[in-house]
Structure formats: structure tokens, C-alpha cells
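Undergrad: Note that the protein sequences, when read in sequence, are chains P and B. Under our numbering, the first sequence has 75 at position 75, and the numbering climbs by one with no breaks. Under our numbering, the second sequence has 70 at position 70, and the numbering climbs by one with no breaks. First the structure, which I've put down as C-alpha cells, then a few questions once you've had a look.
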Amino acid sequence: MSVLSIRDLRKHFVLHNVGGRRVDALHGIDLDVEAGEHVALAGSSGAGKSTLLKCVYRTDLPTAGTVIVDTDDGPVDVTALADADLVTLRGRAFGYVSQFLRAEPRRGALEIVARAGQARGMDRDEALDAAASALGRLGIDESLWDVYASVLSGGEKQRVNLAAGTISPPRLLLLDEPVSALDPSNRDAALDLIADLTDQGVAVLGVFHDLDAMRRLASRVVLMRDGRIDRVGPPDVVLDELTGVAR
Amino acid sequence: MISTERQVVLEVRGLGKLFGDQDPGAVVRTGPELGTAKDPQGNTVVAAWDVDFEVAAGEAFGVIGESGSGKSTVMRMIAGDVTASAGTVRLRKRDRSRVDLLGLTPSERRALRIDELSIVHQDPADGLDLRVTAGGNIADPLTAAGWRNFGQIRERAAELLTRTEVPLDRMDDLVKTFSGGMKQRVQLARALANNPPLVLFDEPTTGLDASVAAGVLDLIRDLIESLGIAAVVVSHDFAVIEMLTSRCMVMQHGRMVEQGVTDQLLEDPIAPYTQRLVAAARA
Numbered sequence: 001m002s003v004l005s006i007r008d009l010r011k012h013f014v015l016h017n018v019g020g021r022r023v024d025a026l027h028g029i030d031l032d033v034e035a036g037e038h039v040a041l042a043g044s045s046g047a048g049k050s051t052l053l054k055c056v057y058r059t060d061l062p063t064a065g066t067v068i069v070d071t072d073d074g075p076v077d078v079t080a081l082a083d084a085d086l087v088t089l090r091g092r093a094f095g096y097v098s099q100f101l102r103a104e105p106r107r108g109a110l111e112i113v114a115r116a117g118q119a120r121g122m123d124r125d126e127a128l129d130a131a132a133s134a135l136g137r138l139g140i141d142e143s144l145w146d147v148y149a150s151v152l153s154g155g156e157k158q159r160v161n162l163a164a165g166t167i168s169p170p171r172l173l174l175l176d177e178p179v180s181a182l183d184p185s186n187r188d189a190a191l192d193l194i195a196d197l198t199d200q201g202v203a204v205l206g207v208f209h210d211l212d213a214m215r216r217l218a219s220r221v222v223l224m225r226d227g228r229i230d231r232v233g234p235p236d237v238v239l240d241e242l243t244g245v246a247r
Numbered sequence: 001m002i003s004t005e006r007q008v009v010l011e012v013r014g015l016g017k018l019f020g021d022q023d024p025g026a027v028v029r030t031g032p033e034l035g036t037a038k039d040p041q042g043n044t045v046v047a048a049w050d051v052d053f054e055v056a057a058g059e060a061f062g063v064i065g066e067s068g069s070g071k072s073t074v075m076r077m078i079a080g081d082v083t084a085s086a087g088t089v090r091l092r093k094r095d096r097s098r099v100d101l102l103g104l105t106p107s108e109r110r111a112l113r114i115d116e117l118s119i120v121h122q123d124p125a126d127g128l129d130l131r132v133t134a135g136g137n138i139a140d141p142l143t144a145a146g147w148r149n150f151g152q153i154r155e156r157a158a159e160l161l162t163r164t165e166v167p168l169d170r171m172d173d174l175v176k177t178f179s180g181g182m183k184q185r186v187q188l189a190r191a192l193a194n195n196p197p198l199v200l201f202d203e204p205t206t207g208l209d210a211s212v213a214a215g216v217l218d219l220i221r222d223l224i225e226s227l228g229i230a231a232v233v234v235s236h237d238f239a240v241i242e243m244l245t246s247r248c249m250v251m252q253h254g255r256m257v258e259q260g261v262t263d264q265l266l267e268d269p270i271a272p273y274t275q276r277l278v279a280a281a282r283a
């Protein structure tokens with residue numbers, strides 16, 4: 001069974017502050033992501049890529065459809081889960097890495113990453129070891145590990161975010177522009193880390209703006225347009241078409 | 001279903017409060033759709049109605065709303081300071097027995113407030129005696145709970161002050177000489193004295209400077225997690241709710257207008273009222 005099965009997922013926003021205007025962001029998305037597969041979402045801004053990720057994580061509340069995740073307790077529909085169960089499931093099985101780290105005011109990088117590991121069932125010592133190795137691998141200098149993450153640079157925060165999202169690998173990893181603020185060498189290290197997780201069996205659903213990252217990481221590319229899936233295929237084929245269109 | 005060791009500590013069902021005339025008919029003539037909590041045909045105020053939520057150990061649940069929304073009434077009913085008109089409020093005590101807080105006698109309620117339920121108030125003067133030392137303020141709930149040995153009380157007070165990051169050399173200073181942030185830390189230490197399973201926070205950082213508030217919030221969050229406290233956090237401030245809670249509800253005119261996971265409620269609010277509140281807070 002797929003780690004993630006999305007069926008007929010729809011999302012309409014009703015903007016009550018703008019006269020009740022309705023924005024149709026997703027029109028019936030069907031998508032599966034298997035263990036060990038990296039599915040990259042491509043498409044222009046406003047195509048619905050981030051909304052799709054947020055509906056899977058349920059930061060955005062889906063309007064209709066199902067989001068089935070295969071968990072330790074069997075298949076679960078995220079859209080129908082009680083709030084408290086959703087909080088538990090997210091901590092245990094989902095990694096969500098967005099562009100921005102919402103850093104808690106007085107917590108260091110090592111602590112943030114270790115806590116994410118503990119939420120996924122690691123004991124404290126194990127989590128600290130894994131956090132140290134993840135931060136090291138992503139090139140965060142050890143002298144910064146106990147500095148409050150809120151004062152780190154954008155690129156450092158983003159790597160802390162990635163380390164927290166990937167520690168004690170989650171079953172499902174959702175990535176929304178996770179390397180956008182990184183310089184080339186740090187970006188390489190981050191992409192390697194993501195590639196290794198896929199090899200270890202993590203199911204990844206990711207949004208990257210740069211085509212090079214998609215070519216390197218994706219098993220499949222899903223091209224979205226106006227809230228619909230327009231095209232699905234191997235990275236070479238879909239991305240070549242895409243660049244052809246752009247040219 | 002997700003398997004979990006989640007231990008529900010507080011369970012609120014159908015909680016309601018009518019002030020003034022106790023006309024139950026007022027319920028259908030009030031609420032968010034009608035834009036009022038006050039019965040247009042009589043003198044009943046429906047301060048809260050049909051309030052449902054639960055909180056587990058180690059979890060914080062937020063109650064957001066403007067003044068007059070009913071959030072303080074809900075908290076005061078749970079604390080027993082206001083008699084409820086309807087509903088049940090069940091608490092899992094430290095000894096794991098369960099009790100309906102609404103059915104307690106006054107003496108049972110006093111005992112409960114010493115051992116099982118604490119409140120951290122917005123104004124430290126409501127939770128502390130400012131004319132007494134920090135140590136003395138903490139000794140108070142301990143002696144009420146039966147502690148008699150002076151050395152042990154001092155030791156416990158020192159432990160709590162360390163935990164809430166109050167320098168121990170201030171233990172014998174009068175609380176009125178403390179800064180606002182420090183007073184709040186002493187209030188926290190006092191609230192935690194007898195390891196209550198449930199702590200109610202009423203605007204715990206309103207009135208503090210932003211940097212001081214951030215420190216106090218972080219401390220509260222750590223304490224909730226590490227001590228496994230079930231917390232209800234009442235605030236009009238989204239930053240406080242976002243920082244402390246994993247789930248929350250929004251109240252307006254005495255009713256729950258929306259309940260959800262906190263990041264969803266702030267990122268994708270569904271109810272028109274919540275959308276207005278979030279837009280105003282982010283502006």
C-alpha cells in the first residue's frame with residue numbers, strides 16, 4: 001500500500017474579509033506516493049503546490065476528498081482525524097519542512113532538532129546524538145548548536161528546519177522549498193541528505209523551484225496547473241517539456 | 001484511530017452559564033449569528049453555551065476571544081469561581097480518580113484548588129500576596145496541603161524558584177520589589193507547588209515587555225511539557241496561543257465558533273469571525 005494516497009482532494013478558500021469571494025485552489029487531486037519514492041510537484045506560482053502540501057499536513061483544511069496515510073496503526077484518513085490524533089500523528093510520522101523556521105524564542109538548534117527526534121519516539125540521548133550528526137552533516141558549526149535559533153541566519157535556520165524535519169526519518173516527508181536560502185555547497189549537502197532519506201524508504205512529496213534539484217531527487221514529477229494535475233512522468237520528460245514551454 | 005498514551009485530564013461537555021434571568025429560551029435568541037450574548041427579549045445574558053473540549057496531560061489548549069466573548073467565564077466555571085448553569089467538567093485527579101468539578105461542595109472545592117488545580121493570573125497581585133516574600137508565597141499552598149517541616153518547605157520553595165528561573169538570593173525578598181516578569185515567575189512557582197495536574201493560564205504575559213513575555217512563555221511551555229501538566233490558556237493574543245498550544249478554540253458572544261489544530265486555525269481559519277480576528281492580528 002502507498003504511504004500516501006490522495007483521492008479527489010479539493011480545497012476552496014472562502015474569503016469572508018473580501019466579500020465572501022471563493023478561491024478554488026485544488027480541483028480533485030489524485031496522487032499516490034510510495035515508500036522510497038520522491039514525487040516532485042512542479043508548476044508556476046498559484047498552481048496549488050503549497051496548498052496541496054498543506055492539505056496533506058492539514059495546515060489547510062481540505063474541503064473534500066481523502067488523504068490516506070499508511071501509519072503504524074494502519075491506514076488513516078488525515079482529513080477525518082480528530083484534532084488531538086492529528087497532532088500525535090504529525091509528531092510521529094510526518095516531517096514538514098517549509099522555507100521558514102518558526103523558531104521558538106529561547107531554544108537552541110540542537111534542542112529543536114533533538115525534540116523533533118523525541119517526538120518520533122527516540123530517547124533523549126539517542127535524539128541528541130542524531131541531532132548532532134544531522135546538524136554536522138548540514139554544515140551547521142558546532143559553536144552555533146546552543147545559540148537560540150531565532151538569531152541564526154536564514155540559511156542556518158533553514159538547515160535547522162531540515163534537520164528537525166528529517167531526524168529519525170519520518171514515514172512521510174513534505175518539503176516546501178527547503179533549500180531556497182542555501183548557498184551552493186550547503187544546498188548540495190541538503191539535497192544529498194534528502195536523496196539518502198528516499199533511499200532509506202521515506203516517501204517524499206516536495207516542492208522545489210529549481211529544476212536541477214528536481215532532476216537530481218525526483219522519481220516522478222507531477223506538473224500542476226490551476227489546481228489540477230496536468231502531467232505526470234519521469235523528471236527528464238516532464239521537465240524538458242516544462243523548460244520547452246518556458247522558452 | 002491513532003494509538004496513543006494520551007491521558008485526558010480535563011473533559012468539558014456542554015458547559016454553559018446564564019447570568020441575570022435564568023431563561024433557557026434566551027439561548028436560541030443569542031449567539032454569533034444574532035450578534036449578541038444578551039437576550040433581546042429579556043434580561044438573560046448567555047455568557048457561555050455548548051462549550052466542549054478536552055485537554056490531555058502535557059498538552060495546552062487555547063481559548064481565544066475578545067473581551068465579552070465568554071472565555072473568562074468558561075475559565076471561572078472550571079475553577080469553581082462561577083457556578084455553571086449547564087454541562088459537566090470532569091477532572092482526572094493526581095490519584096487518577098475522576099471527579100465532576102461542578103458537583104463539589106465548597107470545602108471540596110477549596111481542597112481541589114490546593115492540590116489539583118492552579119490558576120496563573122494576568123495580574124500577579126491576584127495570585128500572590130505582594131507584601132510577602134517569594135518563599136512565603138510558595139510556602140502558603142504547601143502548608144495548606146499539610147506540609148509542616150520548615151526545612152522541607154524551604155527546600156521545596158527553592159526547588160520551584162530554580163525551576164521557574166528566579167534567583168535564589170531573592171527568595172526572602174518581598175514580591176512587591178520584583179519586576180513584572182519576575183513576579184510572574186514567582187506566581188508560576190506557587191501555582192506548581194503541589195504538582196497540580198491542571199493549570200489554568202489567564203493572559204499570563206499580557207502587560208509584560210515583549211522580550212520578557214517571550215522568556216516567560218518559553219518557560220511555561222517547558223513546564224507544561226516536562227511536568228506533564230494539562231493547561232488551558234485563555235488569551236486574546238494569537239502569539240501567545242501559537243507559542244503555547246497545539247489545539248485551540250475561538251469564542252464569540254458566548255459560543256464556540258471554531259475549534260481546531262492551532263496552526264490550521266491561524267493559517268486557514270474557516271469561520272468568518274476567525275478570519276476577521278486573524279486578519280486583524282496579522283495586520
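Idealized CB from N, CA, C, for every residue including glycine. Just so you know, these numbers come straight off a predicted model, no measurement behind them.
1. Is there a Cβ from chain B that is less than 9 Å from the Cβ of P/D83?
2. For the candidate residues B/L192, B/G14, B/D126 and B/D23, whose alpha-carbon lies nearest to that of B/V175?
3. Determine, using beta carbons only, whether P/N161 comes closer than 9 Å to chain B.
4. Determine the extent of the alpha helix (DSSP H) in which B/E108 is found, giving its start and end residues.
5. In this structure, does DSSP put B/E242 in helix, strand or coil?
6. Expressed to the nearest angstrom, what Euclidean distance is found between the alpha-carbon atoms of B/I270 and B/T143?
7. Determine the contact status of B/V216 and B/R185, defining contact as a CB-CB distance below 9 Å.
8. Check this for me: beta carbons of B/Q22 and B/S85, under 9 Å apart or not?
9. Please list the segments of the beta strand (DSSP E) lying wholly inside the stretch 83 to 158 of chain P, counting only runs of 3 or more residues, in order along the chain.
10. What's the C-alpha gap between P/G233 and B/M243?
11. Go through its chain and collect everything with a Cβ distance to P/P178's Cβ below 6 Å, but skip five positions before and after it.
12. Taking any Cβ of chain P, which residues in the stretch 208 to 228 of chain B have a Cβ under 8 Å from it, in chain order?
13. Please check the pair P/G95 and P/L173, which I expect to be a contact at CB under 8 Å, by giving their CB distance rounded to whole angstroms.
14. List the residues of chain B that P/L61 touches, going by C-beta distances under 7 Å, in chain order.
15. Using CA atoms only, rank isn't needed, just tell me which of P/L31, P/R58 and P/A84 is closest to B/E5.
16. Residue range of the alpha helix (DSSP H) that B/M251 falls in?
17. Closer than 8 Å, Cβ to any Cβ of chain P: which residues of the stretch 141 to 155 of chain B, in chain order?
18. Please report whether the beta-carbon of P/D123 lies at a distance below 9 Å from any beta-carbon of chain B.
19. Using a threshold of 9 Å, state whether the C-beta atoms of P/A25 and P/H38 are closer than that.
20. Could you check if P/R247 is buried or exposed, using at least 16 other CB atoms within 10 Å of its CB as the buried criterion?
21. From which residue to which residue does the alpha helix (DSSP H) around B/A281 run?
22. Along the alpha helix (DSSP H) that carries B/L161, what are the first and last residues, could you check?
23. Can you tell me the Cα-Cα spacing of B/L117 and B/A111, whole angstroms?
24. Please say whether B/V46 and B/G254 have beta carbons closer to each other than 9 Å?
25. Under 9 Å, do P/D79 and P/R92 count as touching if we go by C-beta distance?
26. By the 10 Å Cβ neighbour count, where 16 or more other Cβ atoms means buried, how is P/A203 classified, buried or exposed?
27. How many angstroms separate the CA atom of P/P62 from the CA atom of P/L144?
28. Can you round the beta-carbon distance between B/L332 and B/L198 to whole angstroms, since I take them to be within the 8 Å contact cut?
29. Let's see if you can read the secondary structure: which residues bound the alpha helix (DSSP H) around P/K54?
30. Under DSSP, the beta strand (DSSP E) around B/K17 begins and ends at which residues?
31. Would you say P/L31 lies against chain B (beta-carbon separation less than 9 Å)?
32. So B/S246 and B/E54 are in contact, right, with Cβ under 8 Å, and what is the actual spacing, rounded?
33. Can you tell me the Cα-Cα spacing of P/I112 and B/F178, whole angstroms?
34. Any idea what DSSP makes of P/R171, helix, strand or coil?
35. Report the neighbours of B/R276 on chain P: residues whose CB is nearer than 8 Å to its CB, in chain order.
36. Measuring CB atoms only, is the stretch 198 to 212 of chain B touching the stretch 154 to 169 of chain B, in the sense that at least three cross pairs come out at less than 8 Å?
TA: Reading off the structure:
1. Judged by the 9 Å Cβ criterion, P/D83 is in contact with chain B.
2. Comparing Cα positions, the closest option is B/D126.
3. Under the Cβ criterion of 9 Å, P/N161 is not counted among the residues facing chain B.
4. Membership of B/E108 in the alpha helix (DSSP H) is indicated by the continuous run P106 to D115.
5. Judged by DSSP in its simplified three-state form, B/E242 adopts helix.
6. C-alpha separation (whole angstroms): 48 Å.
7. For B/V216 and B/R185, yes; Cβs fall inside 9 Å.
8. Yes. Within cutoff.
9. Fully enclosed beta strand (DSSP E) runs of 3 or longer: 94 to 97.
10. Approximately 41 Å, taken between the alpha carbons.
11. The answer, listed in chain order, is V97 and L162.
12. Flagged, chain order: A214, G215, L217, D218 and R221.
13. In this structure, P/G95 and P/L173 form a Cβ contact; the two beta carbons are roughly 4 Å apart against a cut-off of 8 Å.
14. Per Cβ cutoff of 7 Å: Q264, D268 and I270.
15. Out of P/L31, P/R58 and P/A84, P/A84 has the C-alpha closest to the C-alpha of B/E5.
16. B/M251: not part of any alpha helix (DSSP H); member of the beta strand (DSSP E) spanning R247 to Q252, first to last residue.
17. From the stretch 141 to 155 of chain B, no residue has a Cβ closer than 8 Å to chain P.
18. Not one chain B Cβ lies under 9 Å of P/D123.
19. No, Cβ-Cβ distance for P/A25 and P/H38 is not below 9 Å.
20. For P/R247, the predicted model reports a pLDDT of 46, less than 50, meaning its position is unreliable; a value from the coordinates is still stated below. Around the Cβ of P/R247, a 10 Å sphere holds fewer than 16 other Cβ atoms; the residue is exposed.
21. Segment P272 to R282, the alpha helix (DSSP H) holding B/A281.
22. Unbroken alpha helix (DSSP H) run through B/L161: F150 to R163.
23. Using only the alpha carbons, I get a separation of about 9 Å.
24. Yes.
25. The sequence shown places Thr at residue 79 of chain P, rather than the Asp named in the question. For P/T79 and P/R92, no; Cβs fall outside 9 Å.
26. With 16 or more Cβ atoms within 10 Å of its Cβ, P/A203 is classed as buried.
27. C-alpha separation (whole angstroms): 39 Å.
28. Residue 332 of chain B lies beyond the stretch modelled for chain B, which goes from 1 to 283, so this question has no answer here.
29. Residue range K49 to Y57 is occupied by the alpha helix (DSSP H) that includes P/K54.
30. Counting along the chain, the beta strand (DSSP E) containing B/K17 begins and ends at V8 to G20.
31. Not a single C-beta of chain B is nearer than 9 Å to the C-beta of P/L31.
32. Between B/S246 and B/E54 the beta-carbon gap is near 13 Å, outside 8 Å, which marks them as no contact.
33. About 31 Å.
34. In the structure shown, P/R171 sits in coil (DSSP, three-state: anything other than H, G, I, E or B).
35. What B/R276 touches in chain P: H16 and N17.
36. Cβ pair count under 8 Å is below three, so no.
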